[in-house]
Amino acid sequence: MESLVASIPAGGAAAAAAAALADRAGLVRPKNRLNAPPAEPYAVPGLPLIGNLHQLKEKKPHQTFAKWAEVYGPIYTIRTGASSVVVLNSTEVAKEAMIAKFPSISTRKLSKALSVLTQDKTMVATSDYGDFHKMVKRYVMTSMLGTSGQKQFRDTRNMMVDNMLSTFHALVTDDPNAPLNFREVFKNELFRLSLIQALGEDVSSVYVEEFGKVISREEIYQATVVDMMMCAIEVDWRDFFPYLRWIPNRSFETRVLTTEGRRTAVMRALINEQKKRIERGEARISYLDFLLAENTLTDEQLLMLVWEAVIEAADTTLVTTEWAMYELAKHPEKQDRLFKEIQEVCGNETVTEDHLPRLVYLNAVFHETLRRHAPVPLVPPRFVHEKTTLAGYDIPAGTEMVINLYGCNMNKNDWEEPEEWKPERYLDGRFETADMYKTMAFGAGRRACAGSLQAMNISCVSIARFVQEFAWRLKEGDEDKVDTIQLTSYKLLPLHVYLTPRGSKEMNS
Ligand code: HEM
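Numbering (this note's numbering), first residue to last: 1390 to 1898.
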């Protein structure tokens, strides 16, 4: 064992860990070169033809991958039918793949469902790294998500948080003893913000020609966000057996094409309304106005990019903030610590984005939530298009790659008591500020998330203002409801809480 570890190439700590774990589990290693470490990562035993597919039936593969990592180590391969997939479960190896080995792993491998829903990679997030990606990432950063883009929408973000607080106050006044549904309130305001940024208007309804009727904002949300998220995890078994592609899979095709068609009809209607506004000479600050002025995209590309801005703004920030409020409501002592920090830093002033750099504990709450409840547990799949090495192992061209952020953040070698939600872990002096980004919740390297600044601005200011104005308490019996659903890690059961306005009699007594 000793000599095996010693012979592992530099940078192969993950391989060493894998070898140690596999030795302990008595596993057979793949073919070795004489006196050399295993050439390729360990293969999780599976069945002929289907490989490991039968072990991944549940729609939460990140949890299965993390369990396998405890046996096979931080890097291993699985087979999904005809494809070979390398799965990464530690920060060190994931970083190596996303940063150092990026040139060999810069393309995406999409499922059939995702290819249809993204119009064959016509989005920033799903496109392969190349001229189109560079151009559209620049567009989205310049107009909306970079530092100056974000400044333009600061009033919109403030309005969003003010509206949420007004709704909370109204609900509490209405019935102080009823738990309120956090997600309903946050979701409505966040979706409004995403429409204002993307389209320039606080759209409340739109006429959709294909449906022959006017649809409400709630229905727009359903067609452009909820249905798309659910459909994105639809599985076409032919993805795993390309040689059987000739066999029809009609129920899958109907479901995906119908969902895609509804999204496109709604987005077309929304964009056409705004084009009429622009023709009337009413320019506004929005992503759509910016893209039209650039005049470099086809109608189809324009539609996809504007939809991307809507869905990305409306989803993960909600997931993160809901989990953060769940944890703070569950841990009153941590909520108190945050409240005290806010009082010390802000006094009687309302928390604003300007205060964020000085709210150290708030920042830790945000990053610890991203770690414990990674909103994007699996990085959108990558594809190894030219052979490379990872953690000292050979990875052949044509391998698919899954980066399991959930697995990285639950890895006991990287994190003490990873199951625990402990913002303090960043504040005990052993961590650098940069360590918070160790969660890689936003990915890393050239494909890192474009919207991390917006997510942080919205989530952190919301959390701070929610705690500044109310004391939060979970609905009885909800303490252990940590199940998730969907592509992003939504809480399975929406958060229900009791809010008590700070300064009210109950709080002071
Ligand atoms: C807490 C909230 C968020 C999390 C955890 C998150 C996470 C991620 C992750 C893991 C990736 C993939 C990175 C990779 O492939 O290496 C990504 C990409 C991306 N995200 Fe986010 N995201 C969040 C919020 C947002 C928001 C608010 C927007 C826009 C409004 C956004 C826009 C994007 C875009 C455009 C990409 C593609 C970047 C590229 O491929 O170059 N994200 N995000």
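The beta carbon of each residue, even a glycine, is placed where N, CA and C say it ideally should be.
Cβ neighbours of residue i in the same chain (closer than 7 Å, five flanking residues each side left out)
| i | result |
| --- | --- |
| Cys1838 | Phe1831 and Gly1832 |
| Gln1663 | Leu1588, Gly1589, Glu1590 and Leu1677 |
| Ala1414 | Confidence is the limiting factor: at Ala1414 the pLDDT is only 49, short of 50, which leaves the residue's position unreliable and the question unanswerable from this model. |
| Val1417 | With a pLDDT of only 46 at Val1417, under the threshold of 50, the placement of this residue in the model should not be trusted, and no figure is reported. |
| Val1768 | Ile1792, Leu1794 and Gly1832 |
| Glu1372 | A query on residue 1372 cannot be resolved here, the shown segment of the chain reaching from 1390 to 1898 and no further. |
Inter-residue Cα distance where the pair is residue i and residue j
| i | j | result |
| --- | --- | --- |
| Ser1878 | Arg1669 | 42 Å |
| Tyr1632 | Glu1865 | 53 Å |
| Ile1622 | Ala1502 | 7 Å |
| Val1344 | Glu1742 | The displayed coordinates of the chain run from 1390 to 1898. Any statement about residue 1344 would go beyond what the structure contains. |
| Phe1913 | Met1553 | Nothing can be reported for residue 1913: it is not among the residues displayed for the chain, which extend from 1390 to 1898. |
| Trp1810 | Val1614 | 29 Å |
| Ala1753 | Leu1646 | 42 Å |
| Gln1724 | Glu1808 | 19 Å |
| Ala1844 | Met1617 | 20 Å |
| Thr1965 | Leu1582 | Residue numbering for the chain in the displayed model covers 1390 to 1898; residue 1965 lies beyond these limits and cannot be assessed. |
| Pro1721 | Thr1653 | 45 Å |
| Leu1884 | Tyr1795 | 21 Å |
| Lys1526 | Glu1697 | 12 Å |
| Arg1422 | Ser1493 | Low per-residue confidence applies at Arg1422: pLDDT is 45, beneath 50, and the placement is therefore not dependable enough to give any value. |
| Pro1637 | Phe1521 | 33 Å |
| Lys1420 | Pro1430 | Only weak support exists for where Lys1420 lies, its pLDDT of 47 falling under 50; the value from the coordinates is given anyway. Approximately 10 Å between the Cα atoms of the pair. |
| Leu1745 | His1443 | 46 Å |
| Ala1763 | Thr1739 | 29 Å |
| Met1896 | Glu1730 | Residue placement at Met1896 is flagged as unreliable, the pLDDT there being 47, under the threshold of 50; the coordinate-derived value follows with that caveat. Roughly 18 Å between the two C-alpha positions. |
| Gly1535 | Val1655 | 27 Å |
| Glu1733 | Arg1747 | 10 Å |
| Glu1608 | Gly1470 | 38 Å |
| Phe1600 | Gly1519 | 37 Å |
| Leu1863 | Gly1787 | 48 Å |
| Lys1523 | Pro1568 | 46 Å |
| Thr1466 | Ser1473 | 7 Å |
| Glu1598 | Ala1612 | 15 Å |
| Arg1634 | Leu1438 | 15 Å |
Element boundaries [alpha helix (DSSP H), containing residue i]
| i | result |
| --- | --- |
| Tyr1528 | Asp1520 to Val1529 |
| Pro1721 | Pro1721 to Cys1735 |
| Val1561 | Arg1543 to Asp1563 |
| Ser1841 | Ser1841 to Glu1858 |
| Glu1668 | Arg1639 to Glu1668 |
| Arg1761 | Val1749 to Arg1761 |
| His1451 | Pro1450 to Tyr1461 |
| Tyr1676 | Tyr1676 to Glu1683 |
Cβ-heavy atom distance, residue i to ligand 1, below 6 Å
| i | result |
| --- | --- |
| Phe1542 | no |
| Lys1827 | no |
| Lys1526 | yes |
| Cys1838 | yes |
| Thr1706 | yes |
| Val1513 | yes |
| Glu1701 | yes |
| Phe1831 | yes |
| Val1856 | no |
| Val1765 | yes |
| Ala1786 | no |
| Pro1721 | no |
| Pro1769 | yes |
| Ala1844 | yes |
| Thr1709 | yes |
Residues near residue i by beta carbon distance below 8 Å, same chain, minus five either side
| i | result |
| --- | --- |
| Ile1674 | Gln1541, Phe1542 and Gly1589 |
| Leu1717 | Lys1723, Gln1724, Leu1727, Val1754, Ile1852, Val1856 and Trp1861 |
| Gln1586 | Met1533, Phe1542, Thr1545, Ser1675, Tyr1676, Ala1698 and Ala1702 |
| Leu1694 | Thr1511, Met1512, Val1513, Val1525, Tyr1528, Val1529, Tyr1676, Leu1680 and Leu1686 |
Boundaries (first-last residue) of the beta strand (DSSP E) holding residue i
| i | result |
| --- | --- |
| Ser1583 | Premise fails: Ser1583 lies in the alpha helix (DSSP H), Phe1571 to Leu1588, not in any beta strand (DSSP E). |
| Tyr1815 | It is not in any beta strand (DSSP E) - Tyr1815 carries neither H nor E in the DSSP assignment. |
| Thr1507 | Segment: none, Thr1507 is in no beta strand (DSSP E) and carries neither H nor E. |
| Ile1467 | Ile1464 to Thr1469 |
| Thr1480 | Unbroken run through Thr1480 is the alpha helix (DSSP H), Thr1480 to Lys1484; no beta strand (DSSP E). |
Cut-off 6 Å between Cβ atoms - residues of its own chain near residue i, not counting five sequence neighbours on either side
| i | result |
| --- | --- |
| Pro1785 | Lys1776 |
| Ile1852 | Ala1713 |
| Met1799 | Ala1455 and Pro1807 |
| Asp1783 | Ala1428 and Glu1429 |
Query raised in the report: Per the contact definition of three or more C-beta pairs closer than 8 Å, is the region 1881-1891 in contact with the region 1545-1562?
Result: yes
Query - Touching by the beta-carbon criterion (3+ pairs, under 8 Å), the region 1746-1762 and the region 1847-1861 - result: yes
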